[in-house]
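Scroll down for the structure; my scribbles are underneath it.
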Amino acid sequence: MAFSLIRLGKEDLRVVLRDLGTMIEWSAVTFLAPLLVSLYYGEPFSIAIGYLISAGVAFAVGLALRNAFAPTQETDLKHAFLTASIFWLVYCGISAMPFVLVQGMTFIDGYFEAMSALTTTGLSVMRFSIDYAPNSLVFWRSILSWIGGVGIVIMALTGILTTYSRASKLSTAEGRDERIKPNIKNTIKEIWNIYIGLTIFGVILLFLSGMGLFTAINYSMSAISTTGMDITSQGLLGAHPIAIDLSLILIMILGATSFSVHYLVFKKKRLGILLHDAEFKVLILLGLLGGFMILPKMVLFYGGNVDVVINAFFHSFSALTCGGFSLVAASDIRQWDDFVKLVLVGVMLIGGSTGSTAGGIKISRFIIFVKSVYWRIKEAILPAKSFFARKFEGRNLEIREIKEINQFILIWMVFIVAGVMVLTLHGNTLADSLFEVVSAQSNAGISAGITHAGMPLAVEIMLILNMWVGRLEIVPILSAIGFALSFRASRK
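Residue numbers (the numbering used here): 160 to 651.
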């Protein structure tokens with residue numbers, strides 16, 4: 160999707176604020192989930208009040224915006240870009256309130272935690288304080304990541320924005336332009352059906368593997384959304400059934416697989432699609448390749464046993480799918496060989512399939528980028544007037560599409576470099592800074608220990624920006640900035 164500068168007038172701003180208000184108003188419903196959990200576990204009433212206050216703020220702000228701005232103009236793509244970008248920032252701010260009111264965190268730490276969950280990143284400043292958090296707040300983090308996995312804009316669209324054009328454009332602005340059904344509302348319905356079904360499957364699988372029900376629910380939501388947030392400081396460290404590790408790998412792979420593939424497999428019974436879908440095949444291949452590449456270094460670090468083999472492949476798939484779970488402490492990751500970090504950085508950059516819950520630049524873009532290098536070489540050695548098809552999955556690609564993907568990757572790397580510069584400026588090593596920033600922007604969440612409560616404010620803000628940029632996939636953000644900078648008074 161190309162970036163272009165389009166001027167906005169007063170009427171355009173009214174459209175943005177109207178849609179923003181509607182989405183914020185309905186987002187108040189999400190706070191009912193932790194409220195019900197709090198009541199179920201008999202937590203102090205003051206905790207429930209925290210969720211009620213947060214819901215009240217969301218409803219009041221949304222209602223005020225919706226009623227104050229009621230333009231007749233329909234939502235256009237330029238409005239959708241700005242609305243989606245702002246909604247993520249505002250909803251993260253409101254979602255941070257329970258962390259402040261219930262856990263007593265600072266607002267910036269609460270905002271970091273909410274942004275990390277909603278972008279399905281999984282980095283956390285609650286590494287140790289999570290042990291003292293009530294069950295409802297633990298569940299709140301998990302439900303935020305689960306909502307973020309399917310997209311909070313998709314969530315807000317369900318049954319709210321009833322016109323095709325507005326729903327379609329807001330969905331596209333969030334970076335979700337896949338279509339399972341020709342109609343956007345039916346597409347959203349199918350995505351929710353598949354997502355809920357996979358989540359329930361994950362809960363059953365983890366429960367049968369040895370997890371308690373509450374733990375299985377939280378880990379399933381975190382794994383299928385490829386977030387990777389633990390619910391205790393111990394997390395997956397220490398002795399536990401290997402079946403849990405294998406189950407999480409499977410759930411993370413399911414989360415990193417396109418909803419379109421799931422639809423064809425589960426709804427259309429086309430199991431063969433798994434053998435023909437280029438992204439799924441590359442996903443499995445890269446996960447296995449990454450595991451084999453880091454295994455020798457893991458053996459040198461931990462010694463040779465079955466657990467080390469599981470460790471290597473678990474972290475390879477966790478990084479590639481952007482699942483973000485880890486079987487070792489951040490202090491171990493910091494001491495890993497730079498080669499291991501480099502391999503994991505590579506697969507985190509690539510990420511999962513387009514139209515999945517995973518982050519990264521996406522496998523389809525990676526494949527096309529590699530092909531574009533080959534096509535450029537081929538073009539250079541053939542006669543000047545030669546023609547050859549540039550295809551991906553049987554479809555001819557236009558030169559414009561290829562250029563946009565290459566530009567996307569270039570801009571993506573610019574934000575990575577900016578993040579690395581900020582982190583190294585504050586005394587972190589280049590390898591650890593690169594690992595942490597790529598993990599944040601690819602929404603992977605495996606930490607080398609830089610993310611923690613009390614980290615420098617500039618580092619925390621930079622990582623928040625990297626997570627936000629990674630989740631919205633840059634173009635909507637750049638477009639929204641361009642629209643905002645070009646704002647002018649309407650002459651109408």
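Don't be surprised by glycine CBs; every beta carbon is placed ideally from N, CA and C. In this text, all values refer to a predicted model and were calculated from it rather than measured experimentally.
If we ignore side chains and look at the alpha-carbon of each, how far apart do residue 283 and residue 528 end up? One-based indexing of the sequence shown puts residue 283 at position 124. One-based indexing of the sequence shown puts residue 528 at position 369. Taking the straight line joining both Cα atoms gives about 32 Å.
State the start and end residues of the unbroken alpha helix (DSSP H) segment that holds residue 494. What you label residue 494 is simply residue 335 of the sequence shown in a count that begins at 1. It spans 489-494 - the alpha helix (DSSP H) in which residue 494 sits, taken as one unbroken run.
Neighbourhood of residue 467 by C-beta, 8 Å cutoff - its chain only, sequence neighbours within 5 removed: The residue labelled residue 467 in the question sits at position 308 within the sequence shown. Counting only Cβ-Cβ distances below 8 Å, and skipping sequence neighbours, we find 454, 457, 458, 461.
Thinking just about the alpha-carbon of each residue, which of 630, 619, 375, 633 is nearest to the one in residue 266? For this step, residue 266 is matched to residue 107 along the sequence shown. Comparing Cα positions, the closest option is 619.
Residue 287 - DSSP class collapsed to helix/strand/coil: Position 128 of the sequence shown, counted from the first residue, corresponds to residue 287. Three-state result, residue 287: coil.
For residue 471 and residue 503, which I take to be in contact (beta-carbon distance under 8 Å), what is that distance rounded to the nearest angstrom? What you label residue 471 is simply residue 312 of the sequence shown in a count that begins at 1. What you label residue 503 is simply residue 344 of the sequence shown in a count that begins at 1. Between residue 503 and residue 471 the Cβ distance is about 11 Å, and since that is not below 8 Å, they are no contact.
Starting from residue 199, trace the alpha helix (DSSP H) in both directions and tell me its first and last residue. For the purposes of this step, residue 199 is taken as residue 40 along the sequence shown, with counting starting at 1. Residue 199 -> alpha helix (DSSP H) spans 191-199.
Determine the direct distance from the alpha carbon of residue 590 to that of residue 501, and round the result to whole angstroms. Counted from its first residue, the sequence shown places residue 501 at position 342. Counted from its first residue, the sequence shown places residue 590 at position 431. Going by the C-alpha atoms only, they are around 8 Å apart.
Tell me whether the segment 258-276 and the segment 236-246 touch, counting them as touching only if at least three CB pairs, one residue from each stretch, are closer than 8 Å. no
Taking residue 272 and residue 255 to be in contact with their CB atoms under 8 Å, please state how far apart those CB atoms are, rounded to whole angstroms. On the sequence shown, position 113 is the one that residue 272 refers to. On the sequence shown, position 96 is the one that residue 255 refers to. That belief holds up - the Cβ atoms of residue 272 and residue 255 are roughly 7 Å apart, short of 8 Å.
What is the C-beta distance between residue 424 and residue 432, in whole angstroms, given that I count them as a contact (C-beta under 8 Å)? As a first step, residue 424 is located in the sequence shown; it is residue number 265 there, counting from the start. As a first step, residue 432 is located in the sequence shown; it is residue number 273 there, counting from the start. About 6 Å separates the two Cβ atoms, so the contact holds.
Cα separation between residue 397 and residue 474? Taking the sequence shown and counting its residues from 1, the one referred to as residue 397 is at position 238. Taking the sequence shown and counting its residues from 1, the one referred to as residue 474 is at position 315. Distance between the alpha carbons of residue 397 and residue 474 is about 15 Å.
Uninterrupted alpha helix (DSSP H) stretches inside the segment 377-447 (no shorter than 4 residues): 401-414, 418-421, 432-435
Have a look at residue 535 and residue 568 and give me their C-alpha separation to the nearest angstrom. What you label residue 535 is simply residue 376 of the sequence shown in a count that begins at 1. What you label residue 568 is simply residue 409 of the sequence shown in a count that begins at 1. In a straight line, the C-alpha of residue 535 is about 17 Å away from that of residue 568.
To test your reading of the DSSP string, which unbroken alpha helix (DSSP H) runs of 4 or more residues are found completely within the segment 581-636? 589-600, 616-631
Segment limits, alpha helix (DSSP H) that includes residue 272: Your numbering for residue 272 matches position 113 in the sequence shown. Segment 266-277, the alpha helix (DSSP H) holding residue 272.
Could you have a look at residue 537 and say whether DSSP puts it in helix, strand or coil? Taking the first residue of the sequence shown as position 1, residue 537 is located at position 378. The answer is helix: DSSP assigns residue 537 an H, G or I state.
Among the residues of its own chain, which have a CB less than 6 Å from the CB of residue 429, if the five just before and after it don't count? Numbered from its first residue, the sequence shown carries residue 429 at position 270. Closer than 6 Å at the Cβ level, and outside the excluded window around residue 429, lie 423.
Would you call the CB atoms of residue 447 and residue 413 closer than 8 Å? Along the sequence shown, read from residue 1 onward, the residue named residue 447 stands at position 288. Along the sequence shown, read from residue 1 onward, the residue named residue 413 stands at position 254. No, the Cβ-Cβ distance between residue 447 and residue 413 is not below 8 Å.
Around the C-beta of residue 179, are 16 or more other C-beta atoms found within 10 angstroms, so that it is buried, or is it exposed? Locating residue 179 in the sequence shown gives position 20, where the first residue counts as 1. Buried, by the Cβ-count rule.
Coarse secondary structure for residue 554, derived from DSSP in three states: Within the sequence shown, residue 554 is the residue found at index 395, counting from 1. In the structure shown, residue 554 sits in a strand (DSSP, three-state: E or B).
Which value, in whole angstroms, describes the spacing of the CA atoms of residue 622 and residue 226? Within the sequence shown, numbered from 1, the residue matching residue 622 stands at position 463. Within the sequence shown, numbered from 1, the residue matching residue 226 stands at position 67. Computed Cα separation, rounded: 35 Å.
If you count every other CB in all the chains shown that lies within 10 Å of the CB of residue 581, and 16 or more means buried, which is it? On the sequence shown, position 422 is the one that residue 581 refers to. Looking at its Cβ environment, which holds 16 or more other Cβ atoms inside 10 Å, residue 581 is buried.
Buried or exposed: residue 328, going by 16 or more other Cβ atoms within 10 Å of its Cβ? Start at 1 with the first residue of the sequence shown, and residue 328 comes out as number 169. Note that residue 328 scores 43 on pLDDT, short of 50, meaning its location in the model is unreliable; the coordinates nonetheless yield the value given after this. Answer is buried; the Cβ neighbour count reaches 16.
Going by DSSP in three states, residue 464 sits in which element: helix, strand or coil? For the purposes of this step, residue 464 is taken as the residue at position 305 of the sequence shown. Coil.
Flag this pair as touching only if the segment 288-304 and the segment 399-406 have three or more C-beta atom pairs under 8 Å; answer yes or no. no
Nearest by alpha-carbon distance to residue 585: which of 616, 573, 495, 463 is it? Numbered from its first residue, the sequence shown carries residue 585 at position 426. Closest by alpha carbon: 616.
Taking the alpha carbon of residue 519 as the point to measure from, which residue in 204, 295, 633 has its own alpha carbon closest? Here residue 519 is taken as the residue at index 360 of the sequence shown, counted from 1. Nearest of 204, 295, 633 to residue 519, Cα basis: 633.
Does the beta carbon of residue 629 fall short of 7 Å from some heavy atom of the ligand MN? The ligand content of the structure shown is nil, which means the ligand MN is not present either.
Does the separation of the CB atoms of residue 173 and residue 240 fall below 8 Å? One-based indexing of the sequence shown puts residue 173 at position 14. One-based indexing of the sequence shown puts residue 240 at position 81. Contact flag unset, no.
Span separating the alpha-carbon of residue 509 from that of residue 189: Against the sequence shown, residue 509 aligns to sequence position 350. Against the sequence shown, residue 189 aligns to sequence position 30. Distance between the alpha carbons of residue 509 and residue 189 is about 31 Å.
If you follow the alpha helix (DSSP H) that residue 225 is in, where does it begin and where does it stop? Position 66 of the sequence shown holds residue 225. From DSSP, the alpha helix (DSSP H) with residue 225 extends over 204-227.
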